[in-house]
Amino acid sequence: MNDSDWRLSGQEKYLKGIAFELKTWCSYKSGWDHDHCEFCYDKISSLDDCIHEAYASADNKYWICKKCYEDFRELLL
Ligand SMILES: [Zn+2]
191 MNDSDWRLSG QEKYLKGIAF ELKTWCSYKS GWDHDHCEFC YDKISSLDDC
241 IHEAYASADN KYWICKKCYE DFRELLL
């Protein structure tokens, strides 16, 4: 992990302490078809060209792709 990683913009301030679990993305409110990784902004969705499985907070408010989760999980503790 590197402090100057382009993906970091202070997310740990609001993500710290939140428990994330690996989930398959699904539409959890009407009209909602995707989320973005909190770090790299990759699209997480059930659509074909998107990431389907990612780490999410219990309320599905925040999503983090697997790669970023592996890279930044220490920041979230
Ligand atoms: Zn990511």
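Here the sequence shown stands for residues 191 to 267, where the numbers follow my numbering.
Note that the Cβ used here is the ideal one computed from N, Cα and C, for glycine as well.
Predicted model, so just to flag it, every value in this text is computed and none were measured.
Separation of residue j from residue i, as counted between CA atoms
| i | j | result |
| --- | --- | --- |
| Phe262 | Asp238 | 26 Å |
| Trp222 | Cys216 | 9 Å |
| Leu265 | Ser220 | 32 Å |
| Gln201 | Tyr218 | 23 Å |
| Phe210 | Ala248 | 7 Å |
| Ser194 | Glu260 | 16 Å |
| Lys213 | Lys206 | 19 Å |
| Lys257 | Leu267 | 17 Å |
| Lys203 | Asn250 | 18 Å |
Sequence-distant residues of the same chain with beta carbon closer than 7 Å to residue i, five excluded per side
| i | result |
| --- | --- |
| Cys255 | Cys227, Cys230, Asp232, Ile234, Ile241, Ala244 |
Cβ-heavy atom distance, residue i to ligand 1, below 6 Å
| i | result |
| --- | --- |
| Cys258 | yes |
| Asp249 | no |
| Cys240 | no |
| Asp225 | no |
Test item: CB-CB of residue i and residue j under 7 Å
| i | j | result |
| --- | --- | --- |
| Trp196 | Asp225 | no |
6 Å CB neighbourhood of residue i in its chain, flanking five on each side removed
| i | result |
| --- | --- |
| Ile208 | Ser247 |
Identified DSSP bridge partners for residue i
| i | result |
| --- | --- |
| Cys230 | DSSP output for Cys230 lists no bridge partner at all. |
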